[in-house]
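Chains as they are written, first to last, in my numbering: chain A, 2 to 168; chain B, 811 to 1142.
Glycine included, every Cβ here is placed at the ideal spot set by N, Cα and C.
First the structure, in the form of structure tokens, and then the observations on it.
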Amino acid sequence: MPDDKNRSMKLPALIITATLAMSVSCGHKELPRRGSSTVQPETPGGVLPEPERPGHNPSDIAAELNDPTPRFIYGGITLRYDDGGILFTRYPDGSTVITDLDGIDRITLSPGTMREDSTFLSPRLSMTHGEMTIVSLSLLKRDDKAAWYCAMFPDSASTIIVLPTDI
Amino acid sequence: MSRFLSPVLTAVLLLTPGILSIQASGAKPQLGGKSEAGLCRAIGAAYRPTQLVADPVTVFPLTDGNATRTALRDRFNNRWASIDDETLAAVNILPASWWERNNDIAIDLYNTIPGPQEVNSVKKNYPPGIVNAPEWDNGVWQTGTTTVSGIDAAFYAPPEKFKGDFARAVMYAATLYNTGWLASIAFTILDGTDYPALTPYASRILLDWHRSDPVDDIETERNNAVEALQGNRNPFVDFPDLAEFLWGNRKGEPYAAEGEKMPLHSTYRLSADDKIHLVSPEIPDDAVWTVNGSPVSTATLPATALGTGSHHLRFRSPSTGTSGCLMIKIVP
């Protein structure tokens, strides 16, 4: 029976490890607290080693968090406010639509309800050609100009989405 | 028994497996305010067929028939051919064999017209173009060769009377079916990109045909008939000036349909003629605007009033509760 006991102890440990790995994969050191108006960028020292953090390294994250330009860059689509003609529209249900007025690209992010750990329950992301599956969405930082979200995709890729908060 | 279906049978066909439905994705983009690649992609997304007729021959009486549906327009012999003529077949304007992994183009009715079977064997997989050295000629259309960029290439020259129709069909195919695996001969006409989609040779020839043979009632009626079957229209028939915005003398300018206000877009010219209309299909009509932080009371601003540089626009709609922002640029 010792083997069974070991197995039953390993499962929760695995779940906890996986959850931790996902939560730090967009560069979290500490998860921002719900209700805080500003979450400061993390310091690089406390993050996990590179192989455990697909897609980002500490300097990338710091640069991303220091740039408040509203933007979505993923899957071959680049929509940046400062390119011009990129419309950010906020709806009363909390969703934001990013539309390229010169082209056809269109992104809709519906974060859903935020949990206490700054991840979101049932987030939805649709891109120009249809719905995208996202594994998780978390709020990395928010101030009076913008909110930085980290979206994780099933292939372990991730992106930081920056949306305006002052509209 | 005739191979063609009566209108009643065609209506039934629309509900049977003879119609291939196509999955639509997302909202149809508007064309206004878009230019070049954005305009080309928007056309490709907005004008895609929602379904295709598996065997176009069966519906030719509706798309190319006479008033009594007893004869079909044979453009390759400049005549009406009886629908009982067993030699009539489906002829592709751009050869479907160019597309190695897409069969839709073979049955898309905007690329498919009736003609004698002989046409397919004579024109093979040649592109439409100018024929300088005819090898085959029936007095209405020809095949032969032309030297393009120092290379002798085979072409077919469409019937003179329908060159504009053929050009608009090719423009439609180029904007909707411009990517994927293409046979090398396709690159005479298509460049394999989203935009410009047509080679310089093709855009020059097609624009000439498009301008010299403008849209007529025959083509408009065909557009209506095909729309009833496929759920889409050929925009180059409805809005002929689209071709000028994509490849012609208005290339680079944002598109606005005649009589419509130009919707918001990224870049404006510092000119008395260029105005910023605070309208967009994406924004509610009752939006209240600020420009660079100051409220505006007018729906139209001259670009000269703002000056060159970046300008920040924000809106709030009292009726929908939506709000938004965008930046526009005014260039010299």
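Check your understanding: Which partner residues does Y92 of chain A have in the DSSP bridge list?
Key -> One-based indexing of the first sequence puts residue 92 of chain A at position 91. Partner(s): none; Y92 of chain A has no beta bridge.
Practice item. Name the one or two DSSP bridge partners that G842 of chain B has. Key: Within the second sequence, numbered from 1, the residue matching residue 842 of chain B stands at position 32. BP columns for G842 of chain B are empty, so no partner.
Check your understanding: Name the chain A residues that come within less than 8 angstroms of I1138 of chain B, Cβ to Cβ?
Key -> Here the question's residue 1138 of chain B lines up with position 328 in the second sequence. Ordered by position in chain A, the residues that pass the 8 angstroms Cβ test against I1138 of chain B are G85 and G86.
Practice item. Could you tell me which of A:T100, A:M128 and A:I62 sits nearest to G1134 of chain B, measuring between CA atoms? Key: For this step, residue 1134 of chain B is matched to residue 324 along the second sequence. The shortest Cα separation from G1134 of chain B among A:T100, A:M128 and A:I62 belongs to A:T100.
Review point. Who are the Cβ neighbours of L66 of chain A in its own chain at under 7 angstroms, not counting the five residues just before and after it?
Key: In the first sequence, residue 66 of chain A corresponds to position 65, counting from 1. Cβ neighbours of L66 of chain A beyond the five flanking positions: P42, L141, K142 and W149.
**Study point:** Expected contact under 8 angstroms - CB spacing of N902 of chain B and N921 of chain B to nearest Å
**Key:** To locate residue 902 of chain B, count along the second sequence from 1; it is residue 92. To locate residue 921 of chain B, count along the second sequence from 1; it is residue 111. With a Cβ gap of about 6 angstroms, N902 of chain B and N921 of chain B count as contacting.
Exercise for review: With DSSP as the reference, label N902 of chain B as helix, strand or coil.
Suggested key: The residue given as residue 902 of chain B occupies position 92 in the second sequence. In this structure, N902 of chain B counts as strand in the three-state DSSP scheme.
Check your understanding: How would you label E910 of chain B, buried or exposed, when you count the other beta carbons within 10 angstroms and need 16 or more for buried?
Key -> By 1-based counting over the second sequence, the position of residue 910 of chain B is 100. When all chains shown are included, E910 of chain B counts as exposed.
Practice item. Using a Cβ-Cβ cut-off of 8 angstroms, state whether G1119 of chain B counts as contacting chain E. Key: Among the chains of the structure shown, chain E does not appear; the protein chains present are A and B.
Check your understanding: Using the rule of at least 16 other Cβ atoms within 10 Å of the residue's Cβ for burial, across every protein chain shown, is R978 of chain B buried or exposed?
Key -> Numbered from its first residue, the second sequence carries residue 978 of chain B at position 168. R978 of chain B comes out buried.
Practice item. Could you confirm whether any beta carbon from chain A is found closer than 8 angstroms to the beta carbon of S1076 of chain B? Key: As a working mapping, residue 1076 of chain B is identified with position 266 in the second sequence. Interface residue, yes.
Review point. Three-state secondary structure (DSSP) at E896 of chain B?
Key: The residue labelled residue 896 of chain B in the question sits at position 86 within the second sequence. If DSSP states are grouped into helix, strand and coil, E896 of chain B belongs with coil.
Exercise for review: Compile a chain-ordered list of the residues in the segment 1061–1092 of chain B whose CB is closer than 8 angstroms to at least one CB of chain A.
Suggested key: Answer set for the segment 1061–1092 of chain B: P1064, P1073, L1074, H1075, S1076, T1077, S1090 and E1092.
Practice item. Determine the chain A residues that contact R1043 of chain B at a beta-carbon separation under 8 angstroms, and present them in chain order. Key: Position 233 of the second sequence, counted from the first residue, corresponds to residue 1043 of chain B. Those do not exist, as R1043 of chain B stays about 18 angstroms from chain A at its closest Cβ, beyond 8 angstroms.
**Study point:** Rounded straight-line distance, which links the Cα of A1053 of chain B to that of T868 of chain B
**Key:** Locating residue 868 of chain B in the second sequence gives position 58, where the first residue counts as 1. Locating residue 1053 of chain B in the second sequence gives position 243, where the first residue counts as 1. For the pair T868 of chain B and A1053 of chain B, the Cα-to-Cα distance works out to about 31 angstroms.
Review point. Between S1129 of chain B and chain A, is there a C-beta pair that is closer than 8 angstroms?
Key: Position 319 of the second sequence, counted from the start, is the residue given in the question as residue 1129 of chain B. So no, S1129 of chain B is outside the interface.
Exercise for review: Measure from the C-beta of G875 of chain B to each C-beta in chain A and report whether the shortest distance is under 8 angstroms.
Suggested key: Here residue 875 of chain B corresponds to residue number 65 of the second sequence, with the count starting at 1. No, because no Cβ of chain A sits closer than 8 angstroms to the Cβ of G875 of chain B.
Review point. Using the beta-carbon count (16 or more within 10 Å), is K933 of chain B buried or exposed?
Key: Your numbering for residue 933 of chain B matches position 123 in the second sequence. With 16 or more other Cβ atoms within 10 Å, it is buried.
Practice item. Look at the alpha carbon of M1137 of chain B and the alpha carbon of W908 of chain B, and state the distance between them as a whole number of angstroms. Key: One-based indexing of the second sequence puts residue 1137 of chain B at position 327. One-based indexing of the second sequence puts residue 908 of chain B at position 98. If I take the Cα positions, the gap works out to 42 angstroms.
Practice item. Please confirm whether L849 of chain B and Y1078 of chain B have their CB atoms less than 8 angstroms apart. Key: Residue mapping note: residue 849 of chain B aligns to position 39 of the second sequence, counting from 1. Residue mapping note: residue 1078 of chain B aligns to position 268 of the second sequence, counting from 1. Result no, Cβ atoms of L849 of chain B and Y1078 of chain B do not sit closer than 8 angstroms.
Check your understanding: Once you ignore the five residues that flank M1072 of chain B on each side, which residues in its own chain have a CB closer than 7 angstroms to its CB?
Key -> Within the second sequence, numbered from 1, the residue matching residue 1072 of chain B stands at position 262. These residues qualify, in order along the chain: G842, G843, P1064, A1066 and H1087.
Check your understanding: What residues from chain B crowd round F89 of chain A, counting only those whose CB sits closer than 8 angstroms?
Key -> By 1-based counting over the first sequence, the position of residue 89 of chain A is 88. Result: G1134, C1135 and L1136.
Point to revise | Under 9 angstroms (Cβ pairs) to chain A, residues found in the segment 983–994 of chain B | key: Result list empty, no residue passes.
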